[in-house]
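See below for the structure under consideration.
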Amino acid sequence: MDNNNKKWFSLNLSNKKKQEPGTCECGKTSEGCNSSGNDHLRDADFDAAVDATIAEERTKDGFEQVFDVQMDRRTAFKKLTASLLIGAGAVSTSCSVIAGDETKEKAQIDWEEQFKGNYKLMTRDEKESTVGRLVRSYQLRTGKNISMSSKNAEEDVLFGYAFNISKCQGYMDCVTACVEENNLDRNSQMEYIRIHEMKDGKGFNFNEADDNYYHEVPAEGHFYMGTQCFHCDNPPCVEVCPVQATWREDDGLVVVDYDWCVGCRYCMAACPYDGRRFNWSTPEVPEKEVNKNQHYLGNRLRKKGVVEKCTFCVQRSRVGKNPACVDACPTGARIFGNLLDPDSTIRWVLENKKVFRLKEDLGTEPKFWYFMD
Amino acid sequence: MRRLRVLRSLVKDSLETITHGSKKYHIWMAFLTLVMLVGMYCYSVQLEHGLSVTGMTDRVSWGLYISNFTFLVGVAAAAVMLVMPTYVLKDIDFKQAVLIGEGLAVAALIMCLAFVVADMGGPSVLWHMIPGIGVFNFPNSMLAWDVIALNGYLFINISIPFYILFMRYQGKEPNPKVYIPGALISVFWAVGIHLVTAFLYQGLQARPFWNNALLGPRFLASAFAAGPALIILVLAVIRTYTEFVIKDKTIKKIALVVTVAAQINLIMLISELFKEFYAPTHHSESAYYLFFGLDGKTALLPWIWTAISLNVLATVILTFHKLRNNFKVLFFACFILFVAIWIEKGFGLIVPGFIPGPYGKIAEYTPTGIEIGVTMGIWALGAFVFTMLAKTAIGIETGKLRYNKKKP
Ligand code: SF4
Ligand code: SF4
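In the order they appear, the protein sequences are chains U and F.
Going by the working numbering, the first residue of the first sequence is number 7, and it counts up by one from there.
Going by the working numbering, the first residue of the second sequence is number 1334, and it counts up by one from there.
Structure (structure tokens):
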């Protein structure tokens, strides 16, 4: 996304067709939308993150303190190689001179990643250093650079979503955009969004709906309705997690720390909206299709055996952009914005349309509304 | 110091007992080892390829592992039915059965924990669940409660029999002041682990099939039927193959426990069926799927109807004193009751919770060979652990294993 203002590290190969540099698609006025300012912020974040790993500066988190010995060794060989590595601009594993050190560094990173704490409880510094390690680790493994943000929720922001049932035609462009944006496993064809095809005249009858159709749309006599994680304000999935690997952020996003999740899948059983997906095997994304603009809590690459879900594209929404599905929808059926901003489109919809939510009786308070024209 | 020496000699002696035995014993242990090895191989495949080698999907995200886990918590809890009368009410008839019951509880708990670990996507980060080191979502998550409850129960059930056996080994009488408080705690704890495990499911508003107030009590009733039924079967085997004396009276008393529990369980089943089918709502669909199938998807039908018939048959047999007092019939009834409850409270409970899905999608679940392999491996592990525990306990109880008095 924020390809503009690039620095040396950006090797962003993923093509963002719908990108209009400098503009903001969120449709809001002033406050909520300040994407250029955020871009700087993100860059700053990223630099800091890279610093934390590559430069000699040692920000100790709890685990590093415990494993102090390794830290020292790590710092030592980093001092030796850091200038070399950065000087070269890119790191390739075939570089024999430093291969030994790289293997060591990789092992060191893996070790620290294995024993790091829960992201939710990390300090700013710890967040930056884990992000730095992940960026570095990707660089070491593939020779490519990614950018990863650890941007926190902004104040006075609460994200909400509205879905126009009259407009949706079942094209599933949102699904495709979501898969690409969020680096979803291509192998198992994981999709966060499900589009339910329903028969006219039967009302919202999910039982007879088809969420796995392969025919031309819009099909005669049908209407369409999309579901995904609704970012409940009272999320049952968060309550049940035994290790607090999933939680509600201050801007209302319900997120997962993929590195803290133990894969018990209790949250999947607890979600009434089919909002969660599990990595039954190692997720596969072809290297050239990897979206390199990542967020720790969002679309960074996952591993097998952990749960993931829609994050309202935290890597986009926190820098003032719309989630990929909203931008991809050709009919304009999807509306996203800040619920606390009285001038936002989403507020207009909530105030002027007859909106409803699914399974309201469960008390989950989804931040995802449906409406019709 | 002396205690340490006794302990060392106890370990040595029990190793000796475990490794020596009749031919049948060796064949049994070899068989279990083989099954365990197969299970381990299957698990290594699962570790390498992830849980995709199981039949579970995003739509049915818990399967055979969690089913067996749920059932075994019940078996573990049932040991209490024997502990209570013996230690607290001083009814000596149960005394011999107690050590066996507690051994069974230990084996069942080990199986429970193994099933939970087998079901985890990330066994390498299991330390996240260790209180103090990881981050524990206590008291919000019932699973966190369950981890504490199960491990605590395991600790109690290891320490009480260990204390008793340790004293007996030295030829001393165990001091009731030490073990009776422990036994009392374990009584409450056993009810606790079972209720907590039921609450794990009962608390999910997303799954109407589980979200029902009868689930907890029904768990208890079925556990107190299946667990003692298993104990009766085990006692029958022990009686035949060792010189450990178990009086008919003991077995008859346990049979009474099984009978009452099975009857209560049946009443609750009827109440549940009435609620689901008298005025079926949208929330009855899972029950419909379980008992009659939905949209031509009927994978669970043969299982659940087998379970119901066996359940009813066993309860009827047990209800008649004449039949129950005939040991051949009793053992048969206990066996079918055990199988019936394993189906009913295992995948008959877990799988329909996911079907139909939150939006009515009906995606069925069939376990794969790998999954079944791991499951059998864990059962074999349980049987292996139990056999070792029982053999040592019997050795000490019959006086064969004694601390060498020549040493000071
Ligand atoms: S929709 Fe499901 S996954 Fe999303 S916040 Fe609500 S309960 Fe959690
Ligand atoms: S699968 Fe992960 S996020 Fe979900 S409840 Fe288990 S540990 Fe928490």
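Where is the CB? At the ideal position from N, CA and C, for every residue including glycine.
Which listed residue (the options) has its alpha carbon closest to that of residue i
i, options, result
"U/V261", "U/C270, U/F236, U/D349 and U/I199", "U/F236"
"F/A1451", "F/K1733, F/M1721 and F/I1711", "F/I1711"
"U/R283", "F/S1394, F/E1349 and F/K1345", "F/S1394"
"F/R1392", "F/I1603, F/H1654, F/F1552 and F/A1696", "F/A1696"
"U/H228", "U/W354, U/Q195, U/C277 and U/D206", "U/D206"
"F/A1281", "F/V1672, F/A1620 and F/M1444", "In the structure as shown, chain F begins at 1334 and stops at 1741. Residue 1281 of chain F is therefore absent and cannot be evaluated."
"U/E161", "U/G258, U/Y279, U/V313 and U/F342", "U/G258"
"F/V1718", "F/A1430, F/A1447 and F/M1417", "F/A1447"
"U/I171", "U/T370, U/G369, U/K373 and U/R363", "U/R363"
"F/L1370", "F/L1722, F/L1714 and F/V1684", "F/L1714"
"U/Q250", "U/D216, U/H221, U/Q145 and U/V313", "U/V313"
"F/F1427", "F/G1436, F/L1437, F/V1416 and F/E1435", "F/V1416"
"U/N211", "F/K1357, F/Y1692 and F/E1576", "F/Y1692"
"F/K1510", "F/G1504, F/M1453 and F/I1493", "F/I1493"
"F/M1462", "U/D367, U/D217, U/C270 and U/R322", "U/C270"
Boundaries of the alpha helix (DSSP H) in which residue i is found, first to last residue
i, result
"F/V1406", "L1397 to A1411"
"F/H1654", "H1654 to N1658"
"F/G1436", "K1428 to D1452"
"F/T1720", "G1702 to E1730"
"F/H1615", "No alpha helix (DSSP H) contains F/H1615, which DSSP labels as neither H nor E."
"U/K133", "R130 to T148"
"U/Q195", "Counting along the chain, U/Q195 falls outside any alpha helix (DSSP H), and DSSP gives it neither H nor E."
"U/N358", "T351 to N358"
Residue i - containing beta strand (DSSP E), residue span
i, result
"U/A168", "F165 to N170"
"F/Y1496", "That residue, F/Y1496, is in no beta strand (DSSP E); its alpha helix (DSSP H) goes M1475 to Y1502."
"U/H228", "H228 to T233"
"U/V262", "V260 to V262"
"U/R340", "R340 to N344"
"U/F318", "Here U/F318 belongs to no beta strand (DSSP E), and DSSP marks it neither H nor E."
"U/K205", "R200 to K205"
"U/F4", "Absent from the model: residue 4 of chain U. The displayed extent of chain U is 7 to 379, so no value can be given."
"U/W253", "T252 to R254"
Exposure label - residue i; buried when at least 16 CB within 10 Å
i, result
"F/M1334", "exposed"
"U/M378", "exposed"
"F/K1570", "Here residue 1570 of chain F turns out to be Val, not Lys, going by the sequence shown. Exposed."
"F/Y1486", "buried"
"U/G106", "exposed"
"U/R308", "buried"
"F/F1364", "exposed"
"U/E214", "exposed"
"F/Y1611", "exposed"
"F/S1642", "exposed"
"U/F165", "buried"
"U/N240", "exposed"
"U/R130", "exposed"
"F/S1457", "exposed"
"U/Y220", "exposed"
"F/S1377", "exposed"
Close Cβ partners of residue i (< 6 angstroms) along its chain, the five nearest in sequence each way excluded
i, result
"U/D74", "Confidence at U/D74 is low in this model, with a pLDDT of 40, below 50, so its placement is unreliable and the value that follows should be read with caution. Same-chain partners within the cutoff: there are none."
"U/I341", "A168, T351, I352 and V355"
"U/A334", "D179, C180 and A183"
"F/A1441", "L1405, V1408 and A1409"
"F/R1551", "M1601"
"F/A1523", "A1410 and V1413"
"F/M1444", "L1405, I1711 and G1715"
Residues near residue i by beta carbon distance below 7 angstroms, same chain, minus five either side
i, result
"U/E255", "A159 and V261"
"F/E1618", "L1627 and P1689"
"F/V1449", "F1402"
"U/V97", "Annotation note: pLDDT 39 at U/V97 (below 50); position unreliable, no value reported."
"F/T1583", "D1426, F1427, Q1429 and A1430"
"F/T1350", "K1724, T1725, G1728 and L1734"
"F/S1604", "L1547"
"F/A1438", "A1409, A1412 and N1490"
"F/L1498", "A1726 and I1729"
Residue i CB to nearest heavy atom of ligand 4 below 7 angstroms
i, result
"U/G269", "Of the ligands one can find in the structure shown, namely ligand 1 and ligand 2, none is ligand 4."
Contacting residues, own chain, Cβ-Cβ under 8 angstroms from residue i (five flanking each side not counted)
i, result
"U/V246", "Y272, C273, A275 and A276"
"F/R1501", "P1507, I1729 and E1730"
- prompt: Can you list, in chain order, every residue whose CB sits closer than 6 angstroms to a heavy atom of ligand 1?
  reply: Ordered by chain, the residues meeting the criterion of a beta-carbon within less than 6 angstroms of a non-hydrogen atom of ligand 1 are U/C235, U/F236, U/H237, U/C238, U/P241, U/P242, U/C243, U/V260, U/C277, U/Y279, U/G281, U/R282, U/K315 and U/T370.
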